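K.L.:
As you go down the protein sequences, you meet chains A and B in turn. Start counting the first sequence at 9; every next residue gets the next number (my numbering). Start counting the second sequence at 9; every next residue gets the next number (my numbering). We treat Cβ as the ideally placed atom computed from N, Cα and C, and that holds for glycine. Bear in mind the structure is a predicted one, so any value in this text is a computation, not a measurement. Below is one structure. I have some questions about it.
2 protein chains.
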Amino acid sequence: EDLKKQYTFKSSDPYSSDPERHPVLHANSLKPFTAEPPPEILSDSYITPTAFFFKRNHLPVPQVDPDSYRLHVEGLPRGVLTLSLEELKTRFPKHTITATLQCAGNRRSEMNKAKQVKGLNWGVGAIGNATWSGAKLRDVLLAAGYGPDVAQWARHVQFEGLDKEITGSAYGASVPINKAISEEGDVLLAYEMNGEDIPADHGFPIRVVVPGVVGARSVKWLGKIVVSAEESSSHWQQKDYKGFSPGIDWDTVDYKSAPAIQELPVQSAITTPREGSVIDRSEEMLAAKGYAWSGGGREVIRVDVSLDGGKTWNVAKLKSSDKEGDQTSPPLGRAWAWKLWEITVPLPPEAQELELICKAVDNSYNTQPDTFGPIWNVRGLLGNAWHRVKVKINEDDDEE
Amino acid sequence: EDLKKQYTFKSSDPYSSDPERHPVLHANSLKPFTAEPPPEILSDSYITPTAFFFKRNHLPVPQVDPDSYRLHVEGLPRGVLTLSLEELKTRFPKHTITATLQCAGNRRSEMNKAKQVKGLNWGVGAIGNATWSGAKLRDVLLAAGYGPDVAQWARHVQFEGLDKEITGSAYGASVPINKAISEEGDVLLAYEMNGEDIPADHGFPIRVVVPGVVGARSVKWLGKIVVSAEESSSHWQQKDYKGFSPGIDWDTVDYKSAPAIQELPVQSAITTPREGSVIDRSEEMLAAKGYAWSGGGREVIRVDVSLDGGKTWNVAKLKSSDKEGDQTSPPLGRAWAWKLWEITVPLPPEAQELELICKAVDNSYNTQPDTFGPIWNVRGLLGNAWHRVKVKINEDDDEE
Ligand SMILES: [Mo]
Ligand SMILES: [Mo]
Chain A
9 EDLKKQYTFK SSDPYSSDPE RHPVLHANSL KPFTAEPPPE ILSDSYITPT AFFFKRNHLP
69 VPQVDPDSYR LHVEGLPRGV LTLSLEELKT RFPKHTITAT LQCAGNRRSE MNKAKQVKGL
129 NWGVGAIGNA TWSGAKLRDV LLAAGYGPDV AQWARHVQFE GLDKEITGSA YGASVPINKA
189 ISEEGDVLLA YEMNGEDIPA DHGFPIRVVV PGVVGARSVK WLGKIVVSAE ESSSHWQQKD
249 YKGFSPGIDW DTVDYKSAPA IQELPVQSAI TTPREGSVID RSEEMLAAKG YAWSGGGREV
309 IRVDVSLDGG KTWNVAKLKS SDKEGDQTSP PLGRAWAWKL WEITVPLPPE AQELELICKA
369 VDNSYNTQPD TFGPIWNVRG LLGNAWHRVK VKINEDDDEE
Chain B
9 EDLKKQYTFK SSDPYSSDPE RHPVLHANSL KPFTAEPPPE ILSDSYITPT AFFFKRNHLP
69 VPQVDPDSYR LHVEGLPRGV LTLSLEELKT RFPKHTITAT LQCAGNRRSE MNKAKQVKGL
129 NWGVGAIGNA TWSGAKLRDV LLAAGYGPDV AQWARHVQFE GLDKEITGSA YGASVPINKA
189 ISEEGDVLLA YEMNGEDIPA DHGFPIRVVV PGVVGARSVK WLGKIVVSAE ESSSHWQQKD
249 YKGFSPGIDW DTVDYKSAPA IQELPVQSAI TTPREGSVID RSEEMLAAKG YAWSGGGREV
309 IRVDVSLDGG KTWNVAKLKS SDKEGDQTSP PLGRAWAWKL WEITVPLPPE AQELELICKA
369 VDNSYNTQPD TFGPIWNVRG LLGNAWHRVK VKINEDDDEE
């Protein structure tokens with residue numbers, strides 16, 4: 009009967025044509041679909057496999073026919089530029105970047121423990137690292153007539169998705185014009201993710217990828233680009249995805265008082281071991297892994313790991329790819345991709361429980377705050393306090 | 009007899025021609041001269057008066073004759089460009105920026121309390137905000153022959169001061185080429201500070217001002233500029249002014265393992281009241297003031313203030329000038345100047361002692377860490393944990 013009900017419901021359900029998802033993903037909501045992979049998967053490979061890349065849809069997944077798809081570039085004095093998928097692929101050079109995208113709500117579950125917030129209860133998996141290929145937004149804007157005259161008044165580039173609410177209003181966001189037009193900004197109109205057509209859940213056929221910036225601005229199923237003096241007027245730009253003081257609650261919040269989140273702060277997390285793991289004393293060593301990333305193209309230069317709740321610290325080994333010992337640095341200010349880190353340390357002789365902590369430092373020497381309470385905010389965004397994981401040491405494995 | 013000794017010593021003392029200093033400055037060392045103003049002075053005016061601007065010399069102040077002064081620009085294929093002070097002032101447009109400079113060691117005294125470090129024991133005053141006027145470094149580099157060919161190999165711009173050690177080696181530093189050549193980088197070859205000739209202690213006749221970057225790179229008494237594939241080989245670029253993990257001490261430190269400090273992390277401090285102040289209960293309100301700033305042109309968007317050691321937080325009022333209510337924002341990514349903040353809050357009814365804390369958030373939503381222990385580093389640099397000030401409430405002012 010339940011199945012029947014679901015079936016009947018489905019026919020009028022705007023989510024009924026959503027794609028299949030990999031069963032290993034942990035869903036935080038079904039409609040819209042939002043899900044993250046188990047944390048260990050994130051540190052298994054430098055590039056997050058597409059199937060395991062976190063999904064944060066805001067609306068039903070639109071079904072887009074690649075042949076009739078058109079991208080509209082508006083707001084420029086020369087009028088609207090309309091591009092087919094084929095034109096996007098052939099008229100502009102293809103660029104590939106490796107970039108990490110992170111949801112502003114990543115690690116909200118930890119902030120929730122400090123005090124309840126409103127939002128999806130993400131663990132540490134609302135982040136992923138992929139290669140993205142496509143046309144540079146800069147090249148398309150120049151082709152559409154962007155020039156010094158436009159630079160006089162243009163301040164933002166707005167993006168509109170093809171995903172729509174019942175009312176017909178689309179998902180939308182914007183980024184500052186500097187980011188969009190800069191050669192070093194590396195904003196792509198991506199048609200490939202990890203070397204294949206971007207799948208339906210990630211924005212087929214075009215997703216704008218804004219590296220170094222909160223995932224919410226990398227609009228999927230991109231339908232329209234508008235060069236403007238104003239930010240996007242969308243709900244997600246104006247009334248969501250902003251940070252507030254821990255002293256501000258839903259009664260006092262004034263969305264006009266804070267800027268829309270763009271660049272994200274420095275972040276890191278432990279992906280293995282998990283909270284509550286038990287380690288045998290006989291193993292003698294503890295191995296931990298995780299990721300570290302910072303917004304704005306800032307490169308992570310160090311990850312410190314503590315086994316004793318922050319009293320003493322060890323320096324983790326950083327990896328810039330899956331190649332053993334790869335510690336290459338991207339060009340300054342264009343470190344869009346995360347680093348994976350790992351560390352193996354002797355088990356402290358006396359301890360029965362360890363509090364593992366990781367914290368990252370970027371090349372502006374910004375660091376993560378110690379605790380969640382003082383960065384708490386009503387929507388539970390921007391959670392980047394130290395990640396803490398407690399593990400137990402099993403003294404006698406014979407007894408097990 | 010002491011005076012006599014001092015006099016005899018002076019004649020062979022390279023510091024004997026150092027200029028007079030304002031008596032209100034608190035000196036941390038005399039040779040070289042390093043000093044900071046009382047904290048209250050910092051929040052008295054948006055622009056720090058030149059006489060009260062912190063001084064961090066590394067060597068004796070050189071006496072430079074403005075008529076025979078020459079600036080040498082080297083490393084470019086066209087050969088050396090030599091400019092007199094007059095040429096610098098007349099051949100290039102004059103630009104003015106308001107920029108905060110901060111010593112990497114600001115607030116070291118607080119880090120010292122977590123665990124002893126090596127360095128000058130700065131309070132919160134090794135920071136100041138001034139207007140700087142001069143030629144753009146970019147314009148001078150272009151005039152000297154910088155172009156696309158040079159961009160192929162150039163990675164850094166090195167600066168050499170006219171201040172020299174006994175051995176003849178000069179103070180030196182470098183910044184990345186992107187920062188030096190970018191139109192938005194706003195690096196100046198400044199000949200004026202707060203509308204007057206730069207005084208001897210601040211680099212007369214030319215100081216390179218690198219906004220958004222640690223003070224150590226804003227080389228005073230600038231004698232030479234070298235475009236290079238390499239960073240400056242100076243002690244201060246290679247063996248100082250770098251950050252390390254709290255787990256690293258002088259036995260294990262490897263200076264090659266960390267990048268030279270350039271952009272600084274988000275910072276804030278309370279300038280009034282001071283630690284140990286007594287407030288009368290009858291005043292009913294507590295007024296606090298301070299400064300907040302972030303490196304890399306990131307704008308401070310909020311300062312949170314706590315009276316109870318971080319349990320609850322209030323939002324301070326930010327000031328972008330001395331004009332009442334001025335909350336204007338600089339262009340995105342070019343917020344070189346600090347914001348002053350102030351807050352007036354009711355005295356908590358029961359409390360006998362308050363622990364005031366301030367912490368700032370910049371527009372990348374980076375925040376300050378809670379405590380100094382976990383950002384401790386051997387040289388005591390980059391101290392940007394929450395600033396904490398304890399004050400007492402005097403319950404009965406009749407008894408005083
Ligand atoms: Mo998000
Ligand atoms: Mo400094």
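Kindly say whether residue 146/A, judged by its beta-carbon, lies nearer than 8 Å to any beta-carbon of chain B.
P.N.:
no
K.L.:
In chain B, which residues lie less than 7 Å from residue 274/A when you measure between Cβ atoms?
P.N.:
Going along chain B in sequence order, the residues near residue 274/A (Cβ under 7 Å) are 374.
K.L.:
Contact between the region 129-144 of chain B and the region 193-211 of chain B: three or more CB pairs below 8 Å?
P.N.:
yes
K.L.:
Once the 5 residues before and after residue 11/A are set aside, which same chain residues still bring their CB inside 8 Å of it?
P.N.:
Below a pLDDT of 50, predicted positions are generally treated as unreliable, and residue 11/A, at 44, falls in that range; the measurement from the model is reported next regardless. Cβ within range, chain order: n/a, list empty.
K.L.:
Quick one: list the residues of chain A neighbouring residue 155/B, beta-carbon separation under 7 Å, in chain order.
P.N.:
Among the residues of chain A, none has a CB under 7 Å from the CB of residue 155/B; the nearest is roughly 16 Å distant.
K.L.:
So, for residue 292/B: in the same chain, excluding its five sequence neighbours on each side, which residues have a beta-carbon less than 8 Å away from its beta-carbon?
P.N.:
354 and 355
K.L.:
Given that a residue counts as buried once 16 or more other Cβ atoms are within 10 Å of its Cβ, and exposed if not, what is residue 343/A?
P.N.:
buried
K.L.:
Ordered along the chain, which non-local residues of its own chain (more than five positions away) have a Cβ less than 7 Å from that of residue 13/B?
P.N.:
With a pLDDT of 48 at residue 13/B, under the threshold of 50, the modelled position of this residue cannot be trusted; read the value that follows with caution. Closer than 7 Å at Cβ, skipping near neighbours: no residue.
K.L.:
So the alpha helix (DSSP H) residue 47/A belongs to, where does it begin and stop?
P.N.:
Residue 47/A -> alpha helix (DSSP H) spans 47-50.
K.L.:
Could you give the residue range of the beta strand (DSSP E) that holds residue 164/A?
P.N.:
Taken as a continuous stretch (DSSP letters only), the beta strand (DSSP E) holding residue 164/A covers 164-172.
K.L.:
Would you be able to state if there are at least three C-beta pairs under 8 Å between the region 173-184 of chain A and the region 26-38 of chain A?
P.N.:
no
K.L.:
Any chance you could list the beta strand (DSSP E) runs of at least 3 consecutive residues sitting entirely within the region 169-231 of chain B, in chain order?
P.N.:
178-184, 196-201 and 215-217
K.L.:
Using a cut-off of 7 Å between C-beta atoms, extract the partners of residue 271/A located in chain B.
P.N.:
372
K.L.:
Between 113/A, 200/A, 323/A and 52/A, which lies nearest to residue 280/A when the distance is taken from Cα to Cα?
P.N.:
52/A
K.L.:
Near residue 325/A, what residues of its chain come up, given a Cβ to Cβ distance below 8 Å and the 5 sequence neighbours on each side ignored?
P.N.:
349, 350 and 351
K.L.:
Tell me which residues of the region 99-124 of chain B have at least one Cβ-Cβ distance to chain A shorter than 7 Å, keeping chain order.
P.N.:
none
K.L.:
Between the Cα of residue 133/A and the Cα atoms of 376/A, 112/A, 44/A and 238/A, which residue gives the shortest distance?
P.N.:
44/A
K.L.:
Output needed in chain order: residues of the region 302-329 of chain B with a Cβ under 7 Å from some Cβ in chain A.
P.N.:
303, 304, 309, 310, 312, 318, 320, 321, 322 and 323
K.L.:
Do you know how far the Cα of residue 228/B is from the Cα of residue 214/B?
P.N.:
Going by the C-alpha atoms only, they are around 7 Å apart.
K.L.:
Evaluate residue 378/B with the Cβ neighbour count: other Cβ atoms within 10 Å of its Cβ, from every protein chain shown; 16 or more gives buried, anything less gives exposed.
P.N.:
Looking at its Cβ environment, which holds 16 or more other Cβ atoms inside 10 Å, residue 378/B is buried.
K.L.:
Mapping the DSSP letters down to three states, classify residue 7/A as helix, strand or coil.
P.N.:
Residue 7/A falls outside the range modelled here, since chain A spans only 9 to 408, and no answer is possible.
K.L.:
Using only alpha-carbon positions, find the residue among 27/A, 87/A, 131/A and 83/A that is nearest to residue 46/A.
P.N.:
131/A
K.L.:
Quick check: the Cα distance between residue 360/A and residue 384/A, rounded to an integer number of angstroms?
P.N.:
31 Å
K.L.:
Could you tell me whether any Cβ in chain B is nearer than 8 Å to the Cβ of residue 159/A?
P.N.:
no
K.L.:
What's the C-alpha gap between residue 188/B and residue 290/B?
P.N.:
Taking the straight line joining both Cα atoms gives about 54 Å.
K.L.:
Since residue 91/B sits in a beta bridge, which residues does DSSP pair it with?
P.N.:
79/B
K.L.:
Is it the case that the Cβ atoms of residue 167/A and residue 230/A are separated by a distance below 8 Å?
P.N.:
Yes; because the gap between Cβ atoms is below 8 Å, this pair is in contact.
K.L.:
Excluding the five sequence neighbours on either side, which residues of its own chain have a C-beta within less than 7 Å of the C-beta of residue 220/B, listed in chain order?
P.N.:
271, 303, 304, 305 and 344
K.L.:
For a minimum of 3 consecutive residues, which ranges assigned as the beta strand (DSSP E) are wholly contained in the region 96-120 of chain B?
P.N.:
Listed in chain order, the complete beta strand (DSSP E) runs (minimum 3 residues) inside the region 96-120 of chain B are 103-110.
K.L.:
Determine, using beta-carbon pairs with one atom in the region 320-335 of chain B and one in the region 390-402 of chain B, whether at least three such pairs fall under 8 Å.
P.N.:
Too few Cβ pairs lie closer than 8 Å, so no.
K.L.:
Let me make sure I understand the geometry here. Which of 335/B, 265/B and 217/B has the alpha-carbon closest to that of residue 253/B?
P.N.:
265/B
K.L.:
Among 26/B, 68/B, 402/B and 122/B, which one has its Cα closest to the Cα of residue 319/A?
P.N.:
Closest option to residue 319/A, Cα to Cα, is 122/B.
K.L.:
If contacts are defined as beta-carbon pairs under 8 Å, then residue 109/A and residue 136/A qualify, I think. What distance do you get, rounded to the angstrom?
P.N.:
6 Å
K.L.:
May I ask you to list, following chain order, the residues of the region 237-251 of chain A that have a beta carbon less than 8 Å from some beta carbon of chain B?
P.N.:
Listed by position, the residues of the region 237-251 of chain A near chain B (Cβ gap below 8 Å) are 251.
K.L.:
In whole angstroms, give me the CA-to-CA distance for residue 298/B and residue 250/A.
P.N.:
Straight-line Cα distance between these residues: approximately 25 Å.
K.L.:
Is the Cβ-Cβ distance between residue 185/B and residue 210/B less than 8 Å?
P.N.:
no
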